[in-house]
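In what follows, a single structure is set out as structure tokens and then discussed.
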Amino acid sequence: MQIGLVNWTGGYLTCECYGDGVSVLGSSLGKKQTWKLRVTTEQGKQDVVALVGHQGQHLLVEADGTVRCGRPVAEKQSRFLLEVHPSGAWTLQQLESQKFLESDGEDVFCVARGLTAHHLWMPQLAEHAHVVLFNPSSQLYARTDPELNRVWVDAPVPYLEECGFLLRFRKGACHLETSTHKFVSRAEKLAAMPSAETAFHLNLKPGCLAFLTDMEGHVLYPQGSRGLLCLGDHPEENEEWFVIQRCPPWVSLRTRANRFVSIISDSEVYAGPKKLSPMSTFLFEMDSNSQTVQIKGVHHKYLAQRPFRSVLANGAAKEAETRFQVLWHYGKVFLRAPGGRYLGTLPVGLLVVRAAHPGKEDLCLAGSPGLHTFSGCSCGPWRGGGAEFGLGRPSFLPRPPNSLRSSSPNPTPLYPPPSAPWRSLAHPPRPPCTADSAPLALSIPRAPPPRPVAEAIRQPCPSSFSTDQLWGAGRALPGLTTVGFS
């Protein structure tokens, strides 16, 4: 869990780049103000934690009360007893000396045992702004209902775009924005614009646990048999807590007959259903070290190459057969199995690994629902070519609001041009990070003239292209991909 800590003057706890100094001179949440919270042990309802800076150095307390960053000689130097107060503020008490971490508006030290306002720190979440909200009490995810303008906590798997939310921080308050660009409000209905009615306090605990309260202290939690998210005063034990998770990169595969590739009978993979369901959505996991991807179903099993060139959804994360290579070719991608052959479909819809070479006429793709969108359409009889996959903007997503649109008269396209050459890629980077979720422009270079497929395979990709540039816009919802935190 990554956080920023704000003191009583509004300054951020900062790990200075020079020396080992610590101050509260930071005015915004940046790299030096971001701390990784590590929970070491638990004592009742309190946690013993350690704070680690951006350079891997711990927050340490010396015997004389001096606070600095460095490598701890003994564990007791970097251990703090964390207490969460009803206001949402934190206190950090050094475990050995029982003294509280405090600041005078400039320096940071640890000398007093009596609790005052100078010892209170307000945490600010420093995770990616595009999140899903999981309720541990009901084991369900929050979901926006665009028709009724409400939010329900009733989704067992967050595969719909309605399960995605944006965390907007303004003037110390959190505004929860839905995928329809509306805001959760004190009333049961969603609001069109952020206002005092949509402002909540975000109360955090280690482990990305959080709950929202309004300015009067009422708690936002799921109520009723359907789990309507609204304000109340008497939540049951832990009913108000949500786990804030980064929105997962779901993908879907669809044929030209509008049939989705789905998991049937626990492990068999067919292109059969005409409607998107949890069994036809997959998590796209990428490994930059091996330059491969893994595709995981909602039952936590991976697509894997099996004997007789079949593809089954029964793989484990450590199996080499679950790792596929991704090749980019003129705006589309091919998936190559560990055995060197490409994925394709038989006329009956069975997903197999049979193509020795990528084919141009067998499968072509366009946009379909999903955060990282893959869809396929059969363009002719199966002749042994590999399935060709393309990335596109999902048609069901609304246009981004004016606050997220580029002000440039000639905005840069969010997706790579269709003439982009061959490229092997696996790990798209996180979007550029800012402290206040401000949108950032994403630049994509102009592609060279198209080359024949055989020549493109033989020749390396031009140096002006990079994996970061080709994948920069495919990380989250289009229009929201450049919004984030450190």
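Mapping the sequence shown onto the UniProt record's numbering, position 417 (from 1) lands on 417, and the numbers just tick up by one.
All residues carry an ideal CB built from backbone N, CA and C; glycine is no exception.
As the structure is a computational prediction, the values presented were derived from the model and not from experiment.
key: Between the CA atoms of valine 108 and tryptophan 121 - distance to the nearest angstrom   = 12 angstroms
query = Would you report the Cα separation of threonine 116 and glycine 164, rounded to the nearest angstrom?
reply = 39 angstroms
task = Can you have a look at methionine 1 and say buried or exposed, based on whether 16 or more other CB atoms are within 10 angstroms of its CB?
result = buried
When Glu216, Asp214, Asp233 and Met215 are compared against glutamine 223, the one with the closest alpha-carbon = Asp233
query = Exposed or buried, alanine 192, counting other C-beta atoms within 10 Å across all chains shown (16 or more means buried)?
reply = exposed
query = Pick from Ile295, Ala155 and Gln291: whose alpha carbon is nearest that of serine 280?
reply = Ile295
task = Please go through the same chain and pick out, in chain order, the residues whose beta-carbon is closer than 8 angstroms to the beta-carbon of arginine 323, but skip the five residues on each side of it.
result = Asp287, Ser290, Thr292, Val293, Gln294 and Pro338
task = Quick one: residues in its chain with C-beta nearer than 7 angstroms to the C-beta of glycine 26, no 5 flanking neighbours on either side, listed in chain order?
result = Gly11, Tyr12, Thr14, Lys32 and Gln33
inquiry  = Is the beta carbon of threonine 198 closer than 9 angstroms to that of valine 219?
reply    = no
Euclidean distance between Cα positions of glutamate 321 and valine 261 = 19 angstroms
message = Quick check on DSSP: helix, strand or coil for residue 513?
response = Missing from the structure shown is residue 513; the chain here goes from 1 to 486 and no further.
task = Compute the Euclidean distance between the alpha carbons of glutamine 94 and lysine 189, then round it to the nearest angstrom.
result = 44 angstroms
key: Counted within 10 angstroms of its Cβ, other Cβ atoms place valine 73 as buried (16 or more) or exposed   = exposed
query = For glycine 344, which residues does DSSP report across the bridge?
reply = Val352
query = If you count every other CB in all the chains shown that lies within 10 Å of the CB of glutamine 139, and 16 or more means buried, which is it?
reply = exposed
inquiry  = My output table needs one value for cysteine 163: the three-state DSSP class, helix, strand or coil.
reply    = helix
query = Rounded C-beta distance between histidine 118 and glutamate 106? I'm assuming under 8 angstroms.
reply = The Cβ separation is near 12 angstroms, so there is no contact.
request  = Return the first residue and the last residue of the beta strand (DSSP E) that threonine 213 is part of.
outcome  = 209-213
request  = Pair every Cβ in the segment 125-141 with every Cβ in the segment 45-65, then say whether three or more of these pairs are closer than 8 angstroms.
outcome  = no
message = Give me, in chain order, the residues of the same chain whose beta-carbon lies closer than 6 angstroms to that of valine 453; leave out the 5 immediate sequence neighbours on both sides.
response = Low per-residue confidence applies at valine 453: pLDDT is 37, beneath 50, and the placement is therefore not dependable, though the value from the model is reported in the following sentence. Closer than 6 angstroms at Cβ, skipping near neighbours: no residue.
query = Roughly how many angstroms separate the alpha carbons of serine 378 and proline 273, rounded to a whole number?
reply = Here the model assigns serine 378 a pLDDT of 30, short of 50, so the residue's position is not dependable, and the following value carries that caveat. Roughly 16 angstroms separates the two Cα atoms.
Straight-line gap, glutamate 236 to aspartate 266 (C-alpha atoms, nearest Å) = 36 angstroms
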